[in-house]
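These protein sequence lines map, in sequence, to chains A and B.
Using the working numbering, the first residue of the first sequence is number 2, and each one after it goes up by one.
Using the working numbering, the first residue of the second sequence is number 2, and each one after it goes up by one.
For each residue, glycine too, the CB sits at the ideal point set by N, CA and C.
2 protein chains.
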Amino acid sequence: MRNIKLIIEYDGKNFNGWQKQPDKLNIQGEIERAICEVTGDEKVNLIASGRTDAGVHSLGQTANFITNNDKIPIEKFALAINSKLKKSIVIKSAEEVDERFHSRYSVKSKTYKYVINNSETGTAIYRALEYHVPQKLNVEEMKKAIKHFIGEHDFKGFKASGTSSKSSVRTIYDADVTKDGERIVISLTGSGFLYNMVRIIAGTLVDVGLGKIEEKSIPEIIESKDRKRAGKTLPPHGLYLVKVEY
Amino acid sequence: MRNIKLIIEYDGKNFNGWQKQPDKLNIQGEIERAICEVTGDEKVNLIASGRTDAGVHSLGQTANFITNNDKIPIEKFALAINSKLKKSIVIKSAEEVDERFHSRYSVKSKTYKYVINNSETGTAIYRALEYHVPQKLNVEEMKKAIKHFIGEHDFKGFKASGTSSKSSVRTIYDADVTKDGERIVISLTGSGFLYNMVRIIAGTLVDVGLGKIEEKSIPEIIESKDRKRAGKTLPPHGLYLVKVEY
């Protein structure tokens, strides 16, 4: 028995998210099928660092599985699985890890980015990979605003309403907004993220950039724990799971 | 009569190139149709800085047209045309220019880039936008090699065989290779480029990166004017017309 850790890039478009579900194209199901074809295992349980929603991209999703296969050398695994996958999923690397390694429970931090095209006209080439905001955003205000999210907070107001989780307290370790030409990138590294949390923070920062929310009022909005005080949930195609640290 | 200059972004995928041709989806034809719908002109002749081939992308193609329309304010033109276009073409800006301005004859320089994904596994998200080279490329050698292209040269060996043009002498003003993670970008600015010239230079630089061609031998390969001494023509999906200067 071997415990194998994969780092996975995927183009979220056309997928109904990470999680396996019948009759809907999903990333977990596609990779599990490919692993079975490669290893000869009858069934495999692929555990990810967490789900990603329909349409969300990944540059560094991490997942692990246990296999009975002891023949395939570890350095051949990624390419072998890729050969059985659609081109919209790529296993970037495969590594044999300690049997105690668990992709979800062992997470130390996750980094997400949200990419915005901030031009009047939008973008043709990157239209499936960036969210378009036609009004000019004040990036300096967004840069100040995002710093208020750093630290341990109860992010109850920044999760999809109606979803339950034991605690909505999370710690943000690092956060920044950068601009390169007409592209604005919001980056967040944290202990974990609630359902839709990054997309709601990004929506709130867009409101700051538009002057609808003052950057100074962010701490108060966080403390209010009121979903209605935060910005809207931005669409999934601008969101990327960048990396998971263990 | 007004002479209007457009800057145009397009995703080359699914188009049979810039040039108008019957029964094949092309960028020129799509934009001319949209302009007619917006201006009410019966016919319009859109002149580009030059053609781009099937599958090639543009961040800054430039084209101009003469219109009889004197009603639409210039600042509304880009968005009006965009509203009649597929999302894979975006007019980034429209500007009223002197009647003597001609998108092709007035060109001072053009900048192209060729984007390579240099990772063993390739990329899922950017697979339609980057050419995949799985073998590790030596970027330092590629950086040295590209500098030999700068200056005035007869690029007869770097154009598609069988194509004729009056002269194959062109001047390269600036050229560089940069690397960011697994992405390698080849940039070339010149007075003009022959048919397939950037894609053949990029193919030659890949051969340098693979150790198949020595960087020192580039001047001799250029002087030989022998297409067979240069590298292969790389596919169009890694190529971008970045900007045109006047």
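Spatial neighbours of Ile219/B within its chain, please: CB distance less than 6 angstroms, with the 5 preceding and 5 following residues excluded, ordered by chain position. Ala146 and His149
Our contact map puts Ala81/A next to Lys93/A with C-beta atoms below 8 angstroms; I'd like the distance itself, whole angstroms only. That belief does not hold up - the Cβ atoms of Ala81/A and Lys93/A are roughly 14 angstroms apart, past 8 angstroms.
Taking Glu131/B as the reference, give the member of His238/B, Leu26/B, Asn197/B and Ser104/B with the closest Cα. His238/B
Under 7 angstroms between C-beta atoms, does Val91/B make it to chain A? yes
Below 7 angstroms between beta carbons: does that hold for Lys111/B and Val207/B? no
Whole angstroms is fine: what's the gap from Ala95/B's alpha carbon to Phe102/A's? 56 angstroms
Is it buried or exposed for Gly13/A, if we count other Cβ within 10 angstroms and need 16 for buried? buried
Using a Cβ-Cβ distance under 7 angstroms, would Lys233/B count as near chain A? Judged by the 7 angstroms Cβ criterion, Lys233/B is not in contact with chain A.
Taking C-alpha atoms, which residue in Ser84/B, Val45/B and Lys167/B lies nearest to Glu121/A? Ser84/B
When Cβ atoms are compared, which residues of the region 52-78 of chain B fall closer than 9 angstroms to chain A? His58, Ser59 and Leu60
Within 10 Å of its beta-carbon, does Gln29/A have 16 or more other beta-carbons around it, so buried, or fewer, so exposed? buried
Boundaries of the beta strand (DSSP E) in which Leu240/B is found, first to last residue: Leu240 to Glu246
So Thr234/A packs on Asn197/A, CB below 8 angstroms; how close in whole Å? 5 angstroms
Taking just the CA atoms, how far does Asn65/A sit from Tyr113/A? 20 angstroms
Check Gly210/A in the structure and name its three-state DSSP category. The DSSP-derived three-state label of Gly210/A is helix.
Can you name the residues that DSSP bridges to Val186/B? Secondary-structure assignment with DSSP links Val186/B through a beta bridge to Val116/B and Thr179/B.
On the three-pair Cβ rule with 8 angstroms, is the region 37-46 of chain A touching the region 15-22 of chain A? No: the two stretches stay apart, fewer than three of their Cβ pairs being nearer than 8 angstroms.
Buried or exposed for Tyr247/A, please, with buried defined as at least 16 other CB atoms from any protein chain shown within 10 angstroms of its CB. Exposed, since its Cβ has fewer than 16 Cβ neighbours within 10 Å.
Ordered list of alpha helix (DSSP H) runs contained in the region 22-85 of chain A, each at least 4 residues: Runs of the alpha helix (DSSP H) inside the region 22-85 of chain A: 28-40 and 75-83.
Whose C-alpha, out of Ile48/B, Val199/B, Ser168/B and Gly212/B, is nearest the C-alpha of Gln1/B? This structure cannot settle anything about residue 1/B, because the visible part of chain B is limited to 2 through 247.
Name, please, each residue of chain B whose Cβ falls closer than 8 angstroms to the Cβ of Ala125/A. Within chain B, the C-beta atoms nearer than 8 angstroms to that of Ala125/A come from Glu10, Tyr11, Asp12, Lys88, Ser89, Ile90 and Val91, in chain order.
Mind listing the chain A neighbours of Thr190/B? Cutoff is C-beta to C-beta under 7 angstroms, in chain order. Here the premise fails: no neighbours, minimum Cβ distance about 17 angstroms.
Is there a C-beta anywhere in chain E that falls below 7 angstroms from the one on Thr122/B? The question asks about chain E, but that chain is absent: this structure's protein chains are A and B.
Among the residues of its own chain, which have a CB less than 8 angstroms from the CB of Lys144/B, if the five just before and after it don't count? Asp177 and Val178
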